[in-house]
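Heads up, the thing below is written out as structure tokens.
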Amino acid sequence: MTASSEFPKPSSPRFLRPPHCFPPPYTQPAKAPSPRLRPRALLSSPPMATAPAPLSLSASTLPARLRAGAVPAGARWRQARRGRMVVRAKIREIFMPALSSTMTEGKIVSWSAGEGDRVSKGDAVVVVESDKADMDVETFHDGIVAAVLVQAGESAPVGAPIALLAESEEEVPLALAKAQELSNGQPQQAPPAPTEDAAAAPPPPPPAPATPPAPVAAGTKGVASPHAKKLAKQHRVDLAKVTGTGPYGRITPADIEAAARIQPKSKPAAAPPPVAAPSVGAVPQAAVLPPVPGATVVPFTTMQAAVSKNMVESLAVPAFRVGYPIVTDKLDELYEKVKPKGVTMTVLLAKAAAMALAQHPVVNASCRDGKSFTYNSNINIAVAVAIDGGLITPVLQDADKLDIYLLSQNWKDLVKKARAKQLQPNEYSSGTFTLSNLGMFGVDRFDAILPPGQGAIMAVGASKPTVVADKDGFFSVKNKMLVNVTADHRIVYGADLAAFLQTFAKIVEDPESLTL
22 MTASSEFPKP SSPRFLRPPH CFPPPYTQPA KAPSPRLRPR ALLSSPPMAT APAPLSLSAS
82 TLPARLRAGA VPAGARWRQA RRGRMVVRAK IREIFMPALS STMTEGKIVS WSAGEGDRVS
142 KGDAVVVVES DKADMDVETF HDGIVAAVLV QAGESAPVGA PIALLAESEE EVPLALAKAQ
202 ELSNGQPQQA PPAPTEDAAA APPPPPPAPA TPPAPVAAGT KGVASPHAKK LAKQHRVDLA
262 KVTGTGPYGR ITPADIEAAA RIQPKSKPAA APPPVAAPSV GAVPQAAVLP PVPGATVVPF
322 TTMQAAVSKN MVESLAVPAF RVGYPIVTDK LDELYEKVKP KGVTMTVLLA KAAAMALAQH
382 PVVNASCRDG KSFTYNSNIN IAVAVAIDGG LITPVLQDAD KLDIYLLSQN WKDLVKKARA
442 KQLQPNEYSS GTFTLSNLGM FGVDRFDAIL PPGQGAIMAV GASKPTVVAD KDGFFSVKNK
502 MLVNVTADHR IVYGADLAAF LQTFAKIVED PESLTL
């Protein structure tokens, strides 16, 4: 087919290109497709009546540099993924986790999965005793527990491997070999003990002392130091007659003084090194006393060690104490009403303390770095609970926003978890104010130790009948309890704590607001 049979002959030089390159008359020009999306043949020849041959993109017709990149994106991703699967580790380590911010080591209570057991992602494999609770530790991968590195009853620092996990049975021997290497590698960190041959070998001879340089003979003018020359001029000493005792016969000032028969000046005694003043946050270390004959030494448990550490750290805080007597007749009446519904006296006191803290936020603040204090947005009341082998403080979170019935339900759940050592870290480490109540044991007053990271702790004694005189001079018997608050004097001052106790006493003496 020729061009003349399909297109009219151009009548002017304007029509030197095929008509298909121009839009039809009186119509909007159509947007031509991008040259990158059109084959090169369509840009150099007019359209044909028959369908053009399909463009071949086979590997045989492409240049070598294009054939290398002609792999589809999905195939390249699968190849890269298969490559990563080849190089990734087949044996994984199960580490000792950090179950709390104060935990430095953990103790293995028991292994839920033994050696040779197959586990899946999310399965509990071990129970670890932290400084506050016993918690199940889950695995993040599927595999076989090939080797247990830390047995039940033993301890390991946070981050140390406690077991090895193999992907398949083929990797189990490799995991056992790695476990053997780890067990053998631990003693290698210590310096090796001397062998018998080394012990029997005689010690090396001491190095020979360096011989001092021979002095320059008298009668020859030696080299003198500037200070020696100055002294020789002052005392009229001839340097040619002085024998130098310095390096390479150098004449020193001492040689000049000896030649002039001048008594050398005695050097002043060295001043003793200054004694460093104890830092503000330094805690005196107690001397280790010898055991009493016949006594049994029992090491601390993990929880007891954590409590001991916190109590020693609290000695570095400048704390002060304020006591306040409070009449509890109306609070006792309210307690008798709500007791059948499961509300305890501890919950009523925690609710009253939270309501008072909402009006005095500085008592709810904390100082952690010794340079600033933090206003806590939430009021979380931590309540001290004695459990078997230690002490723990479950936290009633947002105690000012919940009613006493919901707080009582939360408190029962927390106490149940605390007895079973199943508290989560946020359930015992998020307190902003602590309450310690020994009134149920008949204790009338006591002082509590301030926990690290908090601004105040309240110690509540028992409510006992007390003779009280009113303003008119009449006597009556009322129930009274004594409340002592220990506070951090860096952020809480005496007036702040007194105002807080006044507000707390008003709430307790008129407890109707507790039920709202």
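Residues 22 to 537 in this note's numbering are what the sequence shown lists, from first letter to last.
Glycine included, every Cβ here is placed at the ideal spot set by N, Cα and C.
Inset, instruction - Identify the continuous alpha helix (DSSP H) that holds Asp155 and give its terminal residues. - result: Looking up residue 155 in the sequence shown gives position 134. That residue, Asp155, is in no alpha helix (DSSP H); its beta strand (DSSP E) goes Asp155 to Glu159.
Inset, instruction - Kindly give me the distance between the Cβ atoms of Leu471 and Asp509, rounded to whole angstroms, as I take these residues to be in contact under 8 Å. - result: For the purposes of this step, residue 471 is taken as residue 450 along the sequence shown, with counting starting at 1. For the purposes of this step, residue 509 is taken as residue 488 along the sequence shown, with counting starting at 1. Right, their Cβ atoms sit about 6 Å apart.
Inset, instruction - Taking only the alpha-carbon atoms, compute the straight-line gap between Phe454 and Gly515 and give it to the nearest angstrom. - result: Taking the first residue of the sequence shown as position 1, residue 454 is located at position 433. Taking the first residue of the sequence shown as position 1, residue 515 is located at position 494. For Phe454 and Gly515, the distance between alpha carbons rounds to 17 Å.
Inset, instruction - Measure the C-alpha to C-alpha separation of Gln172 and Gln445 and round it to an integer number of angstroms. - result: Position 151 of the sequence shown, counted from the first residue, corresponds to residue 172. Position 424 of the sequence shown, counted from the first residue, corresponds to residue 445. Rounded to whole angstroms, Gln172 to Gln445 spans 24 Å at the Cα level.
Legend entry - Between the CA atoms of Ala181 and Val158 - distance to the nearest angstrom: As a working note, residue 158 is residue 137 in the sequence shown. As a working note, residue 181 is residue 160 in the sequence shown. Taking the straight line from one Cα to the other gives about 14 Å.
Inset, instruction - List the whole-angstrom C-beta distance separating Thr323 from Glu150, where the pair is believed to meet the contact cut-off of C-beta under 8 Å. - result: Your numbering for residue 323 matches position 302 in the sequence shown. Your numbering for residue 150 matches position 129 in the sequence shown. Right, their Cβ atoms sit about 5 Å apart.
Inset, instruction - Whole angstroms is fine: what's the gap from Val383's alpha carbon to Asn458's? - result: The residue given as residue 383 occupies position 362 in the sequence shown. The residue given as residue 458 occupies position 437 in the sequence shown. Between Val383 and Asn458, the C-alpha separation is close to 22 Å.
Legend entry - CA nearest to the CA of Leu252, picked from Ala168, Asn397 and Asp276: As a working note, residue 252 is residue 231 in the sequence shown. Looking at the Cα atoms, Asp276 is the closest of the given residues.
Inset, instruction - Would you check if there are 3 or more beta carbon pairs closer than 8 Å linking the region 432-439 to the region 461-475? - result: no
Legend entry - Val481 vs Tyr449 beta-carbon contact at 8 Å: Against the sequence shown, residue 481 aligns to sequence position 460. Against the sequence shown, residue 449 aligns to sequence position 428. Contact flag unset, no.
Legend entry - First and last residue of the uninterrupted alpha helix (DSSP H) at Ile272: Working through the sequence shown from its first residue, we reach residue 272 at position 251. That residue, Ile272, is in no alpha helix (DSSP H); it is neither H nor E in DSSP.
Legend entry - Contacting residues, own chain, Cβ-Cβ under 8 Å from Thr241 (five flanking each side not counted): The residue labelled residue 241 in the question sits at position 220 within the sequence shown. Reliability fails at Thr241, whose pLDDT of 44 lies under 50, so the model's placement of it is uncertain and the value that follows must be treated cautiously. Here the set comprises Ala261.
Inset, instruction - Would you mind stating whether Ala375 and Ile402 have Cβ atoms separated by less than 8 Å? - result: Residue numbering aside, residue 375 sits at position 354 when the sequence shown is read from its first letter. Residue numbering aside, residue 402 sits at position 381 when the sequence shown is read from its first letter. Going by C-beta atoms, Ala375 is nearer than 8 Å to Ile402.
Legend entry - Asp144 beta carbon less than 8 Å from that of Ala134: Numbered from its first residue, the sequence shown carries residue 134 at position 113. Numbered from its first residue, the sequence shown carries residue 144 at position 123. Cβ distance < 8 Å, so Ala134 and Asp144 count as in contact.
Legend entry - Residue closest to Ser131, alpha-carbon to alpha-carbon, out of Arg139, Val309 and Val146: The residue given as residue 131 occupies position 110 in the sequence shown. Of Arg139, Val309 and Val146, the residue nearest in Cα terms is Val146.
Legend entry - Neighbour-count burial assignment, Ala62, 16 or more Cβ in a 10 Å radius: As a first step, residue 62 must be located in the sequence shown, where it is residue number 41. Its pLDDT being 41, under 50, Ala62 is placed unreliably by the model, and nothing is read from it.
Legend entry - Strand pairing of Tyr426, partner residues [DSSP]: The residue given as residue 426 occupies position 405 in the sequence shown. Answer is none; Tyr426 lacks a bridge partner.
Inset, instruction - Please work out which residues of its chain come closer than 8 Å, Cβ to Cβ, to Thr395, disregarding the five sequence neighbours upstream and downstream, and give them in chain order. - result: Position 374 of the sequence shown, counted from the start, is the residue given in the question as residue 395. The residues are Ala386, Ser387, Cys388 and Arg389.
Inset, instruction - Kindly confirm or deny that the region 490-501 and the region 357-368 touch, where touching means at least three C-beta pairs closer than 8 Å. - result: no
Inset, instruction - Taking only the alpha-carbon atoms, compute the straight-line gap between Ser398 and Gln475 and give it to the nearest angstrom. - result: For this step, residue 398 is matched to residue 377 along the sequence shown. For this step, residue 475 is matched to residue 454 along the sequence shown. Rounded to the nearest angstrom, the two C-alpha atoms are 14 Å apart.
Inset, instruction - Check whether the Cβ atoms of Glu334 and Pro473 sit closer than 8 Å, and answer yes or no. - result: Taking the first residue of the sequence shown as 1, we reach residue 334 at position 313. Taking the first residue of the sequence shown as 1, we reach residue 473 at position 452. Contact flag set, yes.
Legend entry - Between the CA atoms of Ser329 and Asp491 - distance to the nearest angstrom: Translated into the one-based positions of the sequence shown, residue 491 becomes position 470. Translated into the one-based positions of the sequence shown, residue 329 becomes position 308. Using only the alpha carbons, I get a separation of about 46 Å.
Legend entry - Helix, strand or coil at Thr455 according to DSSP, with G and I counted as helix: As a first step, residue 455 must be located in the sequence shown, where it is residue number 434. Thr455 falls in the strand class under three-state DSSP.
Inset, instruction - Determine the contact status of Leu186 and Gly164, defining contact as a CB-CB distance below 8 Å. - result: Within the sequence shown, residue 186 is the residue found at index 165, counting from 1. Within the sequence shown, residue 164 is the residue found at index 143, counting from 1. Contact: yes.
Inset, instruction - Can you tell me which of the three DSSP states Leu537 falls into? - result: Here residue 537 is taken as the residue at index 516 of the sequence shown, counted from 1. It is coil, neither helix nor strand.
Inset, instruction - For Gln418, count neighbouring Cβ atoms within 10 angstroms of its own Cβ and tell me buried if that reaches 16, exposed if not. - result: The residue you call residue 418 lines up with position 397 of the sequence shown. Buried.
Legend entry - Trp132 - partner residues in DSSP beta bridges: Within the sequence shown, residue 132 is the residue found at index 111, counting from 1. Note: Trp132 sits in a beta bridge opposite Val147.
Legend entry - Nonlocal neighbours in the same chain, by C-beta distance under 7 Å from Leu503, ignoring five residues either side: On the sequence shown, position 482 is the one that residue 503 refers to. Counting only Cβ-Cβ distances below 7 Å, and skipping sequence neighbours, we find Gly344, Pro346, Asp465, Arg466 and Gly482.
Legend entry - Element boundaries [alpha helix (DSSP H), containing Asn247]: Counting from 1 along the sequence shown, the entry for residue 247 is found at position 226. Going by the sequence as given, residue 247 is Pro instead of Asn. Element bounds for Pro247: Pro247 to Gln255.
Inset, instruction - Check whether the Cβ atoms of Ile112 and Ile183 lie closer than 8 Å to each other. - result: As a working mapping, residue 112 is identified with position 91 in the sequence shown. As a working mapping, residue 183 is identified with position 162 in the sequence shown. Result no, Cβ atoms of Ile112 and Ile183 do not sit closer than 8 Å.
Legend entry - Three-way DSSP call (helix, strand, coil) for Asp509 in this model: For this step, residue 509 is matched to residue 488 along the sequence shown. Asp509 falls in the strand class under three-state DSSP.
Inset, instruction - With a 10 Å radius around its C-beta and 16 neighbouring C-beta atoms as the bar for buried, classify Leu336 as buried or exposed. - result: In the sequence shown, counting from the first residue as 1, residue 336 sits at position 315. By the 10 Å Cβ count, Leu336 comes out exposed.
Legend entry - Ala373 beta carbon less than 8 Å from that of Ile528: By 1-based counting over the sequence shown, the position of residue 528 is 507. By 1-based counting over the sequence shown, the position of residue 373 is 352. For Ile528 and Ala373, yes; Cβs fall inside 8 Å.
Legend entry - Neighbourhood of Glu114 by C-beta, 7 Å cutoff - its chain only, sequence neighbours within 5 removed: For this step, residue 114 is matched to residue 93 along the sequence shown. Excluding positions up to five away in sequence, the list reads Pro182 and Leu185.
Inset, instruction - Since I believe Asp531 is in contact with Lys351 (beta carbons under 8 Å), could you give me their beta-carbon distance rounded to a whole number of angstroms? - result: Counting from 1 along the sequence shown, the entry for residue 351 is found at position 330. Counting from 1 along the sequence shown, the entry for residue 531 is found at position 510. The Cβ separation is near 6 Å, so the contact holds.
Inset, instruction - With a threshold of 16 other CB atoms inside 10 Å of the CB of Pro320, please say whether the residue is buried or exposed. - result: Reading the sequence shown from its first residue, position 299 is the one you call residue 320. Per the 10 Å Cβ criterion, exposed.
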